[in-house]
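First up is the structure itself, then whatever we jot down about it.
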Amino acid sequence: MATTVHEPPRIEQQPQPRGVLDSGGGRGNQIPPQGSTRAVQYAPPPASTGIWVGIAAIAMTFAALTSALIVRRGGAADWRHFTIPSILYFNTILLIASSVTLEISRRRVADFMSNAQPKLTNPVRWLHLTLGLGFLFVIGQYIAWRQLSAQGVYLASNPNSSFFYVLTAAHALHVLGGLGGLIRVIRKFGNFSLRRSTLDATSRYWHFMDVLWIYLLLLMWAKL
Amino acid sequence: MHDMSAQAHVAHHAPPTSFIRKHIFSIDHKVIGKQYYGLALVAVFVGMVLSWLMRLHLGWTNLAIPGLHWLSSTGAPGNVMTPEYYLQLMTMHGTIMVFFVLTTAPFAAFGNFFLPIQVGAEDMPFPRFNMMSFWVTLVAFLVMISSFFVSDGPTLGGWTQYAPLSAVGSVAGPGQGMGVILWASSIAIFCIGQLLGSLNFITTTLDMRTKGMSLWRLPLSTWGWFITSVMGLTAFAVLMPACILLILDHVAGTSFFVASNLVLNDQLQPHAGGSTLLWQHLFWFFGHPEVYIAIVPGMGIVSHVLTVNMRRPMLSHRVLVYSMGALAVLSYMVYGHHMFVSGMNPISSIVFSFPTLIITIPSTIIVLIWLGSLYGSRLRINSASLFALGMISMFISGGVSGFFLAQPSLDIMLHATYFVVGHFHLVMAVAAIFGIFSGTYFWFPKMFGRMMDERLGKIHFWLTFVGAYCIFMPFHYAGLAGNVRRYQAFVDDYLQPLIPLHRFITVAALATGAAQFIFLYNLIHSRYWGEKAPDNPWQATSLEWATPTTPPPYDNFGGKLPVVYHDPYQYGIEGSTGDYVMQNSPEKIQSVGEEA
Ligand code: HEM
Ligand SMILES: [Cu+2]
Numbered sequence: 001m002a003t004t005v006h007e008p009p010r011i012e013q014q015p016q017p018r019g020v021l022d023s024g025g026g027r028g029n030q031i032p033p034q035g036s037t038r039a040v041q042y043a044p045p046p047a048s049t050g051i052w053v054g055i056a057a058i059a060m061t062f063a064a065l066t067s068a069l070i071v072r073r074g075g076a077a078d079w080r081h082f083t084i085p086s087i088l089y090f091n092t093i094l095l096i097a098s099s100v101t102l103e104i105s106r107r108r109v110a111d112f113m114s115n116a117q118p119k120l121t122n123p124v125r126w127l128h129l130t131l132g133l134g135f136l137f138v139i140g141q142y143i144a145w146r147q148l149s150a151q152g153v154y155l156a157s158n159p160n161s162s163f164f165y166v167l168t169a170a171h172a173l174h175v176l177g178g179l180g181g182l183i184r185v186i187r188k189f190g191n192f193s194l195r196r197s198t199l200d201a202t203s204r205y206w207h208f209m210d211v212l213w214i215y216l217l218l219l220m221w222a223k224l
Numbered sequence: 225m226h227d228m229s230a231q232a233h234v235a236h237h238a239p240p241t242s243f244i245r246k247h248i249f250s251i252d253h254k255v256i257g258k259q260y261y262g263l264a265l266v267a268v269f270v271g272m273v274l275s276w277l278m279r280l281h282l283g284w285t286n287l288a289i290p291g292l293h294w295l296s297s298t299g300a301p302g303n304v305m306t307p308e309y310y311l312q313l314m315t316m317h318g319t320i321m322v323f324f325v326l327t328t329a330p331f332a333a334f335g336n337f338f339l340p341i342q343v344g345a346e347d348m349p350f351p352r353f354n355m356m357s358f359w360v361t362l363v364a365f366l367v368m369i370s371s372f373f374v375s376d377g378p379t380l381g382g383w384t385q386y387a388p389l390s391a392v393g394s395v396a397g398p399g400q401g402m403g404v405i406l407w408a409s410s411i412a413i414f415c416i417g418q419l420l421g422s423l424n425f426i427t428t429t430l431d432m433r434t435k436g437m438s439l440w441r442l443p444l445s446t447w448g449w450f451i452t453s454v455m456g457l458t459a460f461a462v463l464m465p466a467c468i469l470l471i472l473d474h475v476a477g478t479s480f481f482v483a484s485n486l487v488l489n490d491q492l493q494p495h496a497g498g499s500t501l502l503w504q505h506l507f508w509f510f511g512h513p514e515v516y517i518a519i520v521p522g523m524g525i526v527s528h529v530l531t532v533n534m535r536r537p538m539l540s541h542r543v544l545v546y547s548m549g550a551l552a553v554l555s556y557m558v559y560g561h562h563m564f565v566s567g568m569n570p571i572s573s574i575v576f577s578f579p580t581l582i583i584t585i586p587s588t589i590i591v592l593i594w595l596g597s598l599y600g601s602r603l604r605i606n607s608a609s610l611f612a613l614g615m616i617s618m619f620i621s622g623g624v625s626g627f628f629l630a631q632p633s634l635d636i637m638l639h640a641t642y643f644v645v646g647h648f649h650l651v652m653a654v655a656a657i658f659g660i661f662s663g664t665y666f667w668f669p670k671m672f673g674r675m676m677d678e679r680l681g682k683i684h685f686w687l688t689f690v691g692a693y694c695i696f697m698p699f700h701y702a703g704l705a706g707n708v709r710r711y712q713a714f715v716d717d718y719l720q721p722l723i724p725l726h727r728f729i730t731v732a733a734l735a736t737g738a739a740q741f742i743f744l745y746n747l748i749h750s751r752y753w754g755e756k757a758p759d760n761p762w763q764a765t766s767l768e769w770a771t772p773t774t775p776p777p778y779d780n781f782g783g784k785l786p787v788v789y790h791d792p793y794q795y796g797i798e799g800s801t802g803d804y805v806m807q808n809s810p811e812k813i814q815s816v817g818e819e820a
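Chains C and L supply the protein sequences, listed in that same order. Numbering of the first sequence is given in my numbering, commencing with residue 1 and proceeding in unit increments. Numbering of the second sequence is given in my numbering, commencing with residue 225 and proceeding in unit increments.
Structure representation (structure tokens):
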């Protein structure tokens with residue numbers, strides 16, 4: 001921390017912002033109020049911008065895979081009908097449930113931080129629940145792959161199965177990343193270093209995993 | 225007393241003390257920027273040596289190049305390159321140059337070092353990701369280089385790795401098995417590194433700007449990096465899955481890119497039903513933005529350098545920024561112009577031809593702003609500004625041929641000839657490299673605290689400038705004469721008259737390459753023995769020249785972030801320190817408005 005800060009001679013007024021591009025520096029306007037003991041809201045904000053940027057990149061990756069699927073399907077004589085394993089529907093419910101539990105705990109922390117709730121009614125329990133549901137989802141996906149390979153449907157069996165494995169595996173990898181994020185949140189919560197922006201960013205990512213999964217499910221259901 | 229009108233310092237991390245944390249696994253964006261620069265420097269010399277080997281072979285087909293068999297005993301038995309080995313070296317040349325030089329140096333190296341300082345931040349918001357970004361890129365480079373040392377060498381498929389030959393394995397030639405797997409793995413890893421970098425660049429620009437630094441007050445170089453990072457985020461996010469699908473076609477027996485009933489070397493391929501065009505779509509969706517990823521940072525750097533040396537702002541700061549943004553947006557709509565003769569639906573060719581001609585408009589506007597601003601300015605001539613002028617020259621010369629290529633009817637003739645090779649080397653490769661040189665001569669004092677030798681810099685410029693034209697201008701002529709690209713020897717009777725021309729090019733390439741050792745010498749010598757640099761040697765206005773020490777301290781501004789009062793380029797006015805007012809100087813500007 002700087003101990004002495006010299007005030008620069010102020011000669012001119014800052015010009016009024018004339019639009020988004022003109023508004024002042026990003027962080028310059030968000031210095032936490034002096035003497036605040038509560039966790040600073042949205043400090044630093046890059047976590048929330050950053051997560052959107054990350055989501056954009058992931059969305060782009062899956063858009064590329066989607067167009068690959070559509071192009072590949074367009075010219076293919078070898079496209080076979082493919083029934084997606086029904087355990088996936090169960091997994092979907094797990095994932096949606098995990099989003100709900102995460103949202104509950106996020107709101108509790110948010111209320112606490114903004115003083116609406118004087119006491120923190122155990123959000124960690126909900127976080128653990130989210131974590132558990134998330135792991136169950138990944139295990140469920142793994143079971144789906146096992147079921148398919150038991151039927152002799154492997155990655156290279158036909159184009160449909162190729163896309164099925166690629167899409168589900170790519171998604172599962174991203175979910176594992178999200179689980180890592182959740183574990184980090186729980187750990188930070190444990191030693192009181194959790195920032196609200198971190199929790200918000202993590203849950204936004206997690207919800208995105210949810211939305212992405214539903215999209216993929218629809219895509220596979222309609223096109224595979 | 226803490227005063228809220230000055231910027232409070234938000235301490236992210238204390239400076240590290242151990243050697244490893246300081247210089248190797250550093251999370252300091254400045255160290256990472258220098259690491260990227262070093263990587264690009266190694267890569268550019270590897271790429272250059274490869275180009276020498278290719279040029280020697282093209283000029284004198286059966287020439288024995290002493291020592292070549294050390295690189296590959298099968299690729300160069302008796303030191304003479306086999307045709308396949310020529311293609312393998314060519315592929316590595318293109319790949320290393322495009323990815324590990326043109327993407328890393330102007331964007332990742334300079335951007336890492338200077339973007340946070342120019343916006344007035346003490347670091348990037350995700351320094352650990354930033355560190356990973358470099359190390360992942362280094363791993364990618366090592367994986368790529370390792371393919372020289374596997375049994376049948378690196379892939380020979382060209383930097384574009386067109387399917388199906390890239391997807392069927394070694395039946396398609398040496399290097400098409402393990403070589404392609406290593407290539408695709410390396411590029412996929414590279415993508416991860418650039419995605420992490422882009423994430424940091426975008427969030428730094430949006431969220432880490434210091435007080436008073438509105439977007440319109442960002443220097444043009446920052447705009448260049450920011451726009452590039454947005455392109456990088458979308459482009460690399462597409463190339464990565466494409467590479468993964470390519471790897472799966474190799475190792476898992478899938479058929480994404482290989483069509484049915486493909487017979488190679490009398491062997492029916494086991495794959496079925498894939499789409500060879502799919503690879504081209506995915507690749508060029510990345511590939512065309514990539515060429516702008518290579519050049520837009522250079523545009524920003526050159527605009528920045530020229531403004532400082534013209535001592536007056538560009539004709540229109542805003543139009544310049546909007547044009548760079550337009551390039552980014554349009555670059556996604558034109559990629560099909562690489563596929564005019566791919567067998568794609570001819571209607572698509574027309575559809576892609578139109579935006580391709582449109583994209584020449586922002587490029588032209590940018591060039592006109594540069595020229596118009598230069599016109600009548602008393603430009604200070606130094607190595608940095610010379611290379612900036614050179615970049616403009618190369619960009620124009622190479623851009624003109626783009627107009628021809630953009631028309632499908634002409635491209636049918638010109639596609640896959642040396643005309644295209646001449647086009648993209650001038651407009652992308654040489655122009656971007658000139659941007660890197662310009663940035664190096666300009667920012668070296670800030671990066672290393674010492675001045676570079678100006679006399680050597682100017683000699684380096686003139687040799688490189690003349691040399692680059694001698695190498696790449698004749699390419700256009702050869703292309704018009706029908707000289708096909710990616711040939712290892714010119715034995716057809718209509719190509720034989722061009723052999724003297726190719727020998728001339730080879731000599732020019734060797735000479736121009738040799739001139740780069742002047743630069744290398746200047747770089748290393750100045751690094752240790754150069755004259756000590758003052759904090760602001762060019763009397764420039766942007767924040768990188770406002771750091772309390774040179775090179776900047778660990779947190780860039782010594783615990784106190786600057787407050788910004790002005791647009792970035794306040795030159796040619798009466799300031800208390802001279803003909804300029806720095807962005808963080810609170811003094812009032814008299815005659816000139818706030819507008820740049
Ligand atoms: C004036 C605007 C431009 C137009 C209209 C244009 C048009 C084209 C066209 C139509 C092709 C395909 C030729 C073929 O393969 O048959 C092409 C190739 C290429 N262009 Fe441009 N271009 C322009 C500017 C640029 C710029 C600014 C860059 C890079 C900074 C660039 C880099 C390339 C590269 C790398 C290739 C060849 C890729 C390959 O086949 O390996 N172009 N250009
Ligand atoms: Cu293009």
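Glycine included, every Cβ here is placed at the ideal spot set by N, Cα and C.
**Message:** Using a Cβ-based criterion (distance less than 7 Å to any ligand heavy atom), does F648 (chain L) qualify as near ligand 1?
**Reply:** In the second sequence, the residue the question calls residue 648 (chain L) occupies position 424. True, at least one ligand heavy atom lies under 7 Å from that Cβ.
**Message:** Under 8 Å, Cβ to Cβ, is there at least one residue of chain C near A552 (chain L)?
**Reply:** Position 328 of the second sequence, counted from the start, is the residue given in the question as residue 552 (chain L). No, A552 (chain L) lies away from the interface with chain C (no Cβ there is under 8 Å from its Cβ).
**Asked** Under a Cβ-count criterion, where at least 16 other Cβ atoms within 10 Å of its own Cβ denotes burial, should K812 (chain L) be classed as buried or exposed?
**Response** Along the second sequence, read from residue 1 onward, the residue named residue 812 (chain L) stands at position 588. Classification for K812 (chain L): exposed.
**Request:** Using a Cβ-Cβ cut-off of 8 Å, state whether P777 (chain L) counts as contacting chain C.
**Result:** The count along the second sequence starts at 1 and reaches residue 777 (chain L) at position 553. Interface annotation, P777 (chain L): not in contact with chain C, CB-CB separation never under 8 Å.
**Prompt:** Could you give the C-beta distance for G498 (chain L) and F480 (chain L), rounded to a whole number, given that I count them as a contact under 8 Å?
**Reply:** Here residue 498 (chain L) is taken as the residue at index 274 of the second sequence, counted from 1. Here residue 480 (chain L) is taken as the residue at index 256 of the second sequence, counted from 1. The beta-carbon distance between G498 (chain L) and F480 (chain L), rounded to whole angstroms, is 5 Å. This is short enough to meet the 8 Å contact definition.
**Asked** Among residues of its own chain, excluding the 5 on either side of A39 (chain C), which ones have a beta-carbon nearer than 6 Å to its beta-carbon?
**Response** Your numbering for residue 39 (chain C) matches position 39 in the first sequence. A caution first: A39 (chain C) carries a pLDDT of 35, below 50, which makes its placement in the model unreliable, though a value can still be read off. Within the same chain, A39 (chain C) has close Cβ partners M113, R196.
**Message:** Taking contact to mean 3 or more Cβ pairs, one atom from each stretch, closer than 8 Å, check whether the region 527–544 of chain L and the region 596–612 of chain L are in contact.
**Reply:** Judged by Cβ distances under 8 Å, the region 527–544 of chain L makes contact with the region 596–612 of chain L, as three or more pairs qualify.
**Message:** Per DSSP, what are the beta-bridge partners of G421 (chain L) in this structure?
**Reply:** By 1-based counting over the second sequence, the position of residue 421 (chain L) is 197. DSSP, once it has assigned bridges, lists no residue as partnering G421 (chain L).
**Request:** Round the Cβ separation of A391 (chain L) and L470 (chain L) to the nearest angstrom and send it over; I've been treating them as touching at under 8 Å.
**Result:** Position 167 of the second sequence, counting from 1, holds the residue named residue 391 (chain L). Position 246 of the second sequence, counting from 1, holds the residue named residue 470 (chain L). That belief holds up - the Cβ atoms of A391 (chain L) and L470 (chain L) are roughly 6 Å apart, short of 8 Å.
**Message:** Considering only DSSP beta bridges, list what L488 (chain L) is partnered with.
**Reply:** As a first step, residue 488 (chain L) must be located in the second sequence, where it is residue number 264. In DSSP, L488 (chain L) forms a bridge with L:Q491.
**Prompt:** So I797 (chain L) is in the beta strand (DSSP E); what residue range does that whole segment cover?
**Reply:** On the second sequence, position 573 is the one that residue 797 (chain L) refers to. For I797 (chain L), the enclosing beta strand (DSSP E) stretches over residues 794–799.
**Asked** Going straight from the alpha carbon of W359 (chain L) to that of I585 (chain L), what length do you get?
**Response** Here residue 359 (chain L) corresponds to residue number 135 of the second sequence, with the count starting at 1. Here residue 585 (chain L) corresponds to residue number 361 of the second sequence, with the count starting at 1. The alpha-carbon atoms of W359 (chain L) and I585 (chain L) are separated by roughly 38 Å.
**Message:** Can you pull the chain C neighbours of G421 (chain L), defined as C-beta to C-beta under 9 Å?
**Reply:** Translated into positions along the second sequence, residue 421 (chain L) becomes position 197. The premise fails here: G421 (chain L) is roughly 11 Å from chain C at the closest Cβ pair, so nothing lies under 9 Å.
**Prompt:** L444 (chain L) to K435 (chain L), Cα distance in whole Å?
**Reply:** Locating residue 444 (chain L) in the second sequence gives position 220, where the first residue counts as 1. Locating residue 435 (chain L) in the second sequence gives position 211, where the first residue counts as 1. Distance between the alpha carbons of L444 (chain L) and K435 (chain L): 18 Å.
**Message:** Looking at V788 (chain L): is its Cβ nearer than 8 Å to the Cβ of Q807 (chain L)?
**Reply:** Stepping through the second sequence from its first residue, residue 788 (chain L) is reached at position 564. Stepping through the second sequence from its first residue, residue 807 (chain L) is reached at position 583. Contact: yes.
**Request:** Could you tell me which residues DSSP pairs with Y804 (chain L) in its beta bridges?
**Result:** Locating residue 804 (chain L) in the second sequence gives position 580, counting from the first residue. Answer by DSSP bridge pairing, in chain order: L:Y795.
**Request:** Name, please, each residue of chain C whose Cβ falls closer than 9 Å to the Cβ of D201 (chain L).
**Result:** For residue 201 (chain L) there is no data in the structure shown, the boundaries of chain L being 225 and 820.
**Member of C:L131, C:A156, C:A201, C:A47 whose CA lies at the smallest distance from the CA of I96 (chain C)** = Locating residue 96 (chain C) in the first sequence gives position 96, where the first residue counts as 1. The candidate whose alpha carbon is nearest that of I96 (chain C) is C:L131.
**Prompt:** DSSP on L246 (chain L), reduced to helix/strand/coil?
**Reply:** Counting from one through the second sequence, the residue named residue 246 (chain L) turns up at place 22. The identity of residue 246 (chain L) in the sequence shown is Lys, whereas the question assumes Leu. If DSSP states are grouped into helix, strand and coil, K246 (chain L) belongs with the helices.
**Item:** Straight-line Cα distance separating A329 (chain L) from I413 (chain L)
**Value:** As a position in the second sequence, residue 413 (chain L) is number 189, starting the count at 1. As a position in the second sequence, residue 329 (chain L) is number 105, starting the count at 1. Rounded to the nearest angstrom, the two C-alpha atoms are 18 Å apart.
**Message:** Only counting the same chain, and skipping five residues up and downstream in sequence, which positions put a Cβ closer than 8 Å to that of V756 (chain L)?
**Reply:** By 1-based counting over the second sequence, the position of residue 756 (chain L) is 532. This sequence places Lys at residue 756 (chain L); Val is not what is there. G673, R674, M675, listed in sequence order.
**Prompt:** What residues in its chain sit with their C-beta under 7 Å from that of F353 (chain L), if we drop five residues either side in the sequence?
**Reply:** Taking the first residue of the second sequence as position 1, residue 353 (chain L) is located at position 129. Cβ within range, chain order: L420, L423, N424.
**Item:** Reduced DSSP category for K756 (chain L) - H, G, I as helix; E, B as strand; rest coil
**Value:** Here residue 756 (chain L) corresponds to residue number 532 of the second sequence, with the count starting at 1. It is a strand residue.
**Asked** So, does the CB of S162 (chain C) fall closer than 8 Å to a CB anywhere in chain L?
**Response** Here residue 162 (chain C) refers to the residue found at position 162 when the first sequence is read from its first residue. In terms of beta-carbon proximity, S162 (chain C) lines the interface with chain L, with at least one pair separated by less than 8 Å.
**Request:** Out of C:L133, C:W221, C:T202, state which residue places its alpha-carbon closest to the alpha-carbon of I164 (chain C).
**Result:** Looking up residue 164 (chain C) in the first sequence gives position 164. In the sequence under discussion, the amino acid at residue 164 (chain C) is Phe, which differs from the Ile named in the question. With distances taken between Cα atoms, F164 (chain C) lies closest to C:W221.
**Request:** Just list the beta strand (DSSP E) runs in the region 407–478 of chain L, keeping only unbroken ones of 3 residues or longer that don't cross its boundaries, in chain order.
**Result:** The beta strand (DSSP E) runs of length 3 or more contained entirely in the region 407–478 of chain L do not exist; there are none.
**Asked** Hey, would you say G134 (chain C) sits closer than 8 Å to L182 (chain C), going by beta carbons?
**Response** Taking the first sequence and counting its residues from 1, one reaches residue 134 (chain C) at position 134. Taking the first sequence and counting its residues from 1, one reaches residue 182 (chain C) at position 182. Yes.
**Asked** Contact check, Y778 (chain L) vs D376 (chain L) under 8 Å by CB: the rounded distance?
**Response** Looking up residue 778 (chain L) in the second sequence gives position 554. Looking up residue 376 (chain L) in the second sequence gives position 152. Not quite, the Cβ-Cβ distance comes to about 48 Å (not below 8 Å), so this is no contact.
**Request:** State the start and end residues of the unbroken alpha helix (DSSP H) segment that holds F696 (chain L).
**Result:** Locating residue 696 (chain L) in the second sequence gives position 472, counting from the first residue. Boundaries of the alpha helix (DSSP H) around F696 (chain L): 678–704.
**Message:** Using a Cβ-Cβ distance cut-off of 8 Å, determine whether S540 (chain L) contacts chain C.
**Reply:** Taking the first residue of the second sequence as 1, we reach residue 540 (chain L) at position 316. At a cut-off of 8 Å between beta-carbon atoms, S540 (chain L) makes no contact with chain C.
**Prompt:** Using a threshold of 7 Å, is the CB atom of A518 (chain L) nearer than that to any non-hydrogen atom of ligand 1?
**Reply:** The residue labelled residue 518 (chain L) in the question sits at position 294 within the second sequence. At least one heavy atom of ligand 1 is nearer than 7 Å to the Cβ of A518 (chain L), so yes.
**Prompt:** Taking G663 (chain L) as the reference, which of L:L595, L:P340, L:G524 has the closest Cα?
**Reply:** Along the second sequence, read from residue 1 onward, the residue named residue 663 (chain L) stands at position 439. Ranking L:L595, L:P340, L:G524 by Cα distance to G663 (chain L) puts L:G524 first.
**Request:** Please name the residue, chosen from L:W667, L:L687, L:Q712, that lies closest to G334 (chain L) on a Cα-to-Cα basis.
**Result:** Taking the second sequence and counting its residues from 1, one reaches residue 334 (chain L) at position 110. Just to set this straight, residue 334 (chain L) is Phe in the shown sequence, not Gly. Among L:W667, L:L687, L:Q712, the Cα nearest to that of F334 (chain L) is on L:W667.
**Request:** Excluding the 5 residues preceding and the 5 following G257 (chain L) in the sequence, name in chain order all residues of the same chain whose CB lies nearer than 6 Å to its CB.
**Result:** Counting from one through the second sequence, the residue named residue 257 (chain L) turns up at place 33. Excluding the 5 residues flanking it on each side, G257 (chain L) has same chain C-beta neighbours closer than 6 Å at A333, N336, F337, in chain order.
**Request:** Return the first residue and the last residue of the alpha helix (DSSP H) that V363 (chain L) is part of.
**Result:** Working through the second sequence from its first residue, we reach residue 363 (chain L) at position 139. Going by DSSP, V363 (chain L) is part of the alpha helix (DSSP H) stretching over 351–370.
**Request:** Name the two residues that bound the continuous alpha helix (DSSP H) containing M615 (chain L).
**Result:** The residue labelled residue 615 (chain L) in the question sits at position 391 within the second sequence. Unbroken alpha helix (DSSP H) run through M615 (chain L): 607–629.
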